[in-house]
Structure formats: structure tokens, C-alpha cells
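> Take the sequence shown: its position 133, counting from 1, is numbered 133 in full-length UniProt numbering, and each next residue is one higher. Quick reminder that beta carbons are idealized off the backbone N, C-alpha and C, glycines included. Fair warning: this is a prediction, and the values are worked out from it, not measured in the lab. Here it is, the structure in full.
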Amino acid sequence: MYLISKPFTLKQTFSKQLFSYSFLLKRTMSTTTTTKSGILGWASEDGEFRRQQSTFRDNIEADENAKFAAEPDRYHLYISMACPWAHRTAIVRQLKGLDKLIGLSVVDYLMLDKGWKFSTAEECPGAIPDTINHAKHVRDLYFKVNPDYTGRFTVPLLWDKKLQTIVNNESSEIIRMFNTAFNKFLTKEQAELDFYPEELRKEIDEKNEWIYDTINNGVYKSGFATTQEAYENNVYPVFKSLDRVEKLLEGKKYLVQEQFTEADIRLFTTIVRFDPVYFGHFKCNLKSIEFGYPNILKWTRRIYQKPGIKETVNMDHIKGHYYKSHLQINPTQVVPVGTGPDLDVLVDQ
Ligand SMILES: N[C@@H](CCC(=O)N[C@@H](CS)C(=O)NCC(=O)O)C(=O)O
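Okay, here's the thing in C-alpha cells:
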């Protein structure tokens, strides 16, 4: 009854692909090139990358009288499989069983002149076009809602099909809505899954804060820095915080108490990209997760092996995106062959 008209399951949409270099190569040749306006334009005069605040901050609520009331088949999620922020929302959507209630579009991993674009699965395996608004680019969705929009055209983006507008484009808020707003439509087990339990909120918030600033966003501040000073100001804190997480996970399964919470999900999407991308591409190379952080590695495998999570990790999109879209950092668009540690090595749950 609550199935959307064209049900998307993660098995279908996130089907695992083998990494195909010839495929990546073909796609590179056909893309247009970006100039200075790209990544360098994101840093400020002092060489520091400063992330913009997300603009759309409404909430979906369980209350049926709310402006954005939780309803099956009313909302649509736009993500990139490459993006760590969007990845959070894909994980919570999947774990809570919201794939039955909320549709999904996945952009092409290449993000060049016009930003994120939609492609067919033939053009870009793993992509899901926009069957709701039939947009060519994510920017079209922002302009549809506000023709004068001047912010960045980011994913994730949560769309309301009823009011034809963007509800929210901030991942940390989208995962909170997914965590509770739709519970009445879910099975008991799914509804009881709580990634932000009341009694742990203080501790989760406290961990999220420094992890966001120095790790999630810290790798970007290092990688997008355009001066030596800005880079060094940001790269040491990344490793100071990774050392702190490593200690914290000594003899412990999760970041907060003994419970799998949103703090783990938010950090996981950065760590899974660390060795294959951030270590080289963003110059975060004092240590790798695989050889420098045994506790974090084990924790990463534990999360990766939870049912439903592996299917949300698409290494082709992750590597293809960073190495081919950030032309100022990697003008040759050559993609390194390493894919990071083997996350299938079994660990205790
Ligand atoms: N604070 C936002 C950040 C989202 C974000 O920066 N997404 C990136 C992809 S990793 C994006 O879409 N960037 C496109 C752009 O800035 O033009 C969130 O957590 O949702």
C-alpha cells in the first residue's frame, strides 16, 4: 500500500559494479573542461575553504497537519553516491526502510561546469535520472524553487512533490527527520531503530561537533586550501582528531556508549573515502586508516558489514567524482588504482 509507484530498492539502484577504467576514460574525454571558477573559486582570499550554510531548512514532521507532513510517496531524495554528506542520508533511508516511502535520484559522479548532472544508468552505471522534475542538472531544481537563488547547488536535496519545493538540503537535518518522522509507516523494528536516542543526544552532539569541524569538513579544508598555510592549519587537526577517535574506539564498538548512532554514520562516510581519496587527493597523508588506525579500521568494517550499508558505498562514483571533477587539483583526471582497505574482512558486530 505504501509502495511508491516505481519502487526503488537499494539492491537495484546501488548494484555493485566492477571498477572499469576504460569506462571512466571514455567519460573523461567527452566532458568539457572547467577553468579557474571551479575549486579554486571556492577558497577565500586567504586560501581557506569556507563551507556555505545550507539554505533550505524546513522539516518533515510526523504530525499530519504540519506543512511538510510525513506521507508515503510524497518526498524524493536527490543524492550523489560520491558525496559524503549525501551518503549519510542514503544510509539512514536504507536502514530505516524508507526506500519504500521516499524515491531516489542519483546524479552522475562527474561534477563539472554546470554542477551535478543527471545521467541514465547506461551513461553512468549507478545513476538514476530525475523522473520527478525531469531536470538535467541539480541547479534546475534550485532555480525551479527560487529563480534568484545564488547559493551553491548542493546535494543532498529533499524534494516535496506535493508542494513542488525543496524541503531541506542539509544532511544533518535530513537524517534526523528520517530517523523519526515516518515511524508510523514503518515496521515495529524499523520504527524502533533510533540513531539519535534522547539519552545519548548530548554526547552525540558533542562528538558530532569536533568530528564535523576537524574531520568531515577538515579533509575538505585541507584539500581545497590554496595556500601552504591554510593547508597546514587544517591538515594537522584532521590527524589530531583521528588520533582522538582511535583512542576513543579502544575496546569499544561505537563512538557513543555501546550504541550505533548517527555519530557513527556521519563519521563513517568520511572514513570510507579517506584512504582511496582524501589521503592523496586532499593531501591528508600523515597516516592512512589501513596502516595507521587499527581501531578505526575495525570500526569501519563493522559498519560497512551491517546489512544494507555496503550497497550504499559506490567506489566508482567516489573515486571517479573527486579525481575527475576537481580539475584544479588533478588536471590530468587520472584516477589512482587503490580502493582503500578491504572492508569485507569479517569483524564482530
Ligand atoms: N552542509 C551540506 C553540504 C553538502 C555539500 O557540500 N555537498 C557537495 C557534494 S559533497 C555539493 O553538492 N557540492 C556542489 C557545490 O558546492 O557546487 C550537507 O551536509 O548537506
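1. Just how far apart, CA to CA, sit residue 350 and residue 318?
2. Between residue 153 and ligand 1, is the CB less than 7 angstroms from at least one heavy atom?
3. Would the beta-carbon of residue 84 be found less than 7 angstroms away from any heavy atom of ligand 1?
4. Contact check, residue 70 vs residue 181 under 8 angstroms by CB: the rounded distance?
5. Should residue 276 be labelled buried (16 or more other beta-carbon atoms within 10 Å of its own) or exposed?
6. Hey, quick one: how far does the beta strand (DSSP E) through residue 169 stretch, first residue to last?
7. Tell me which residue opens and which closes the alpha helix (DSSP H) that residue 329 is part of.
8. Cβ atoms of residue 237 and residue 218: under 8 angstroms apart, would you say?
9. Check for me: the alpha helix (DSSP H) holding residue 42 runs from which residue to which?
10. Output the distance between the C-alpha atoms of residue 215 and residue 267, rounded to the nearest integer angstrom.
11. In the DSSP assignment, the beta strand (DSSP E) including residue 78 goes from what residue to what residue?
12. Under 7 angstroms Cβ to Cβ from residue 199, same chain only, skipping five residues before and after it: list those, please.
13. Can you tell me the Cα-Cα spacing of residue 290 and residue 54, whole angstroms?
14. Should the region 88 to 100 be called in touch with the region 278 to 296, which here means at least 3 C-beta pairs below 8 angstroms?
15. Could I get the ranges of all uninterrupted beta strand (DSSP E) runs contained in the UniProt domain "GST C-terminal" (197 to 327), with 3 residues as the minimum, in chain order?
16. Beta carbon of residue 170: closer than 7 angstroms to some heavy atom of ligand 1?
17. Which residue comes first and which comes last in the beta strand (DSSP E) that contains residue 106?
18. Of all the options 258, 279 and 293, which has the alpha carbon lying nearest to the alpha carbon of residue 244?
19. Where residue 281 and residue 188 are concerned, what is the direct C-alpha to C-alpha distance, given to the nearest angstrom?
20. Please report the distance separating the alpha-carbon of residue 80 from that of residue 110.
21. Would you say the beta carbon of residue 54 is closer than 7 angstroms to some non-hydrogen atom of ligand 1?
22. Counting C-beta neighbours from all protein chains within 10 Å, is the total for residue 206 16 or more, i.e. buried, or is it exposed?
23. Since residue 140 is in the alpha helix (DSSP H), which residue starts that stretch and which ends it?
24. Just to check, is the beta-carbon of residue 210 closer than 7 angstroms to a non-hydrogen atom of ligand 1?
25. Give the single residue among 62, 164, 177 and 201 whose Cα lies nearest to the Cα of residue 134.
26. For residue 328 and residue 186, what's the separation of their Cα atoms in angstroms?
27. Measure the Cβ-Cβ separation of residue 117 and residue 107 and say whether it is below 8 angstroms.
28. Kindly give me the distance between the Cβ atoms of residue 222 and residue 234, rounded to whole angstroms, as I take these residues to be in contact under 8 angstroms.
29. Looking at C-alpha atoms only, which residue of 296, 66, 211 and 60 is the closest neighbour of residue 175?
30. Buried or exposed for residue 50, please, with buried defined as at least 16 other CB atoms from any protein chain shown within 10 angstroms of its CB.
31. What are the start and end residues of the alpha helix (DSSP H) that includes residue 158?
32. Which residues share a DSSP beta bridge with residue 117?
Taking the coordinates as given:
1. This structure leaves residue 350 out entirely; the chain is present only between 1 and 349.
2. As a position in the sequence shown, residue 153 is number 153, starting the count at 1. At least one heavy atom of ligand 1 is nearer than 7 angstroms to the Cβ of residue 153, so yes.
3. One-based indexing of the sequence shown puts residue 84 at position 84. For residue 84, the distance from the CB to the nearest heavy atom of ligand 1 is below 7 angstroms.
4. The sequence position of residue 70 within the sequence shown is 70, counting from 1. The sequence position of residue 181 within the sequence shown is 181, counting from 1. The Cβ separation is near 4 angstroms, so the contact holds.
5. Residue mapping note: residue 276 aligns to position 276 of the sequence shown, counting from 1. Per the 10 Å Cβ criterion, buried.
6. Here residue 169 refers to the residue found at position 169 when the sequence shown is read from its first residue. For residue 169, there is no enclosing beta strand (DSSP E), as DSSP marks it with neither H nor E.
7. In the sequence shown, counting from the first residue as 1, residue 329 sits at position 329. Annotation for residue 329: no alpha helix (DSSP H) segment contains it, and DSSP assigns it neither H nor E.
8. The sequence position of residue 218 within the sequence shown is 218, counting from 1. The sequence position of residue 237 within the sequence shown is 237, counting from 1. Contact: yes.
9. As a position in the sequence shown, residue 42 is number 42, starting the count at 1. Where residue 42 is concerned, there is no enclosing alpha helix (DSSP H), given that its DSSP letter is neither H nor E.
10. Within the sequence shown, residue 215 is the residue found at index 215, counting from 1. Within the sequence shown, residue 267 is the residue found at index 267, counting from 1. Taken atom to atom, the span from the alpha-carbon of residue 215 to that of residue 267 is near 8 angstroms.
11. Residue 78 sits at position 78 when you count from the first residue of the sequence shown. Per DSSP, residue 78 is one residue of the beta strand (DSSP E) stretching across 75 to 79.
12. Within the sequence shown, residue 199 is the residue found at index 199, counting from 1. Counting only Cβ-Cβ distances below 7 angstroms, and skipping sequence neighbours, we find nothing.
13. As a first step, residue 290 is located in the sequence shown; it is residue number 290 there, counting from the start. As a first step, residue 54 is located in the sequence shown; it is residue number 54 there, counting from the start. Approximately 33 angstroms between the Cα atoms of the pair.
14. Too few Cβ pairs lie closer than 8 angstroms, so no.
15. Listed in chain order, nothing qualifies, since the UniProt domain "GST C-terminal" (197 to 327) has no complete beta strand (DSSP E) run of 3 or more residues.
16. On the sequence shown, position 170 is the one that residue 170 refers to. Yes, the beta carbon of residue 170 sits closer than 7 angstroms to at least one heavy atom of ligand 1.
17. Taking the first residue of the sequence shown as 1, we reach residue 106 at position 106. For residue 106, the enclosing beta strand (DSSP E) begins and ends at 103 to 106.
18. Within the sequence shown, the letter at position 244 stands for residue 244. Put simply, of 258, 279 and 293 the residue whose alpha carbon is nearest the alpha carbon of residue 244 is 293.
19. Position 281 of the sequence shown holds residue 281. Position 188 of the sequence shown holds residue 188. One C-alpha to the other measures close to 43 angstroms.
20. Stepping through the sequence shown from its first residue, residue 80 is reached at position 80. Stepping through the sequence shown from its first residue, residue 110 is reached at position 110. Rounded to the nearest angstrom, the two C-alpha atoms are 10 angstroms apart.
21. In the sequence shown, residue 54 corresponds to position 54, counting from 1. Judged by the Cβ position, residue 54 qualifies as a neighbour of ligand 1 at the 7 angstroms threshold, a heavy atom of the ligand being closer than this.
22. Within the sequence shown, the letter at position 206 stands for residue 206. Residue environment: residue 206 is assigned as exposed (fewer than 16 neighbouring CB atoms within 10 Å of its CB, all protein chains considered).
23. Here the question's residue 140 lines up with position 140 in the sequence shown. Start and end: 138 to 145.
24. Translated into the one-based positions of the sequence shown, residue 210 becomes position 210. No.
25. For this step, residue 134 is matched to residue 134 along the sequence shown. In terms of CA proximity to residue 134, 164 leads the group 62, 164, 177 and 201.
26. Numbered from its first residue, the sequence shown carries residue 328 at position 328. Numbered from its first residue, the sequence shown carries residue 186 at position 186. If I take the Cα positions, the gap works out to 45 angstroms.
27. Here residue 117 refers to the residue found at position 117 when the sequence shown is read from its first residue. Here residue 107 refers to the residue found at position 107 when the sequence shown is read from its first residue. Less than 8 angstroms separates the beta-carbon of residue 117 from that of residue 107.
28. Stepping through the sequence shown from its first residue, residue 222 is reached at position 222. Stepping through the sequence shown from its first residue, residue 234 is reached at position 234. Contact between residue 222 and residue 234 holds: CB atoms are separated by about 5 angstroms, below the 8 angstroms threshold.
29. To locate residue 175, count along the sequence shown from 1; it is residue 175. That would be 60, whose Cα lies nearest to the Cα of residue 175.
30. Within the sequence shown, numbered from 1, the residue matching residue 50 stands at position 50. Around the beta carbon of residue 50, fewer than 16 other beta carbons lie within 10 angstroms, which makes this residue exposed.
31. Position 158 of the sequence shown, counting from 1, holds the residue named residue 158. Per DSSP, residue 158 belongs to no alpha helix (DSSP H); it is in the beta strand (DSSP E), 157 to 160.
32. The residue you call residue 117 lines up with position 117 of the sequence shown. Looking at the DSSP assignment, residue 117 forms a beta bridge with 137.
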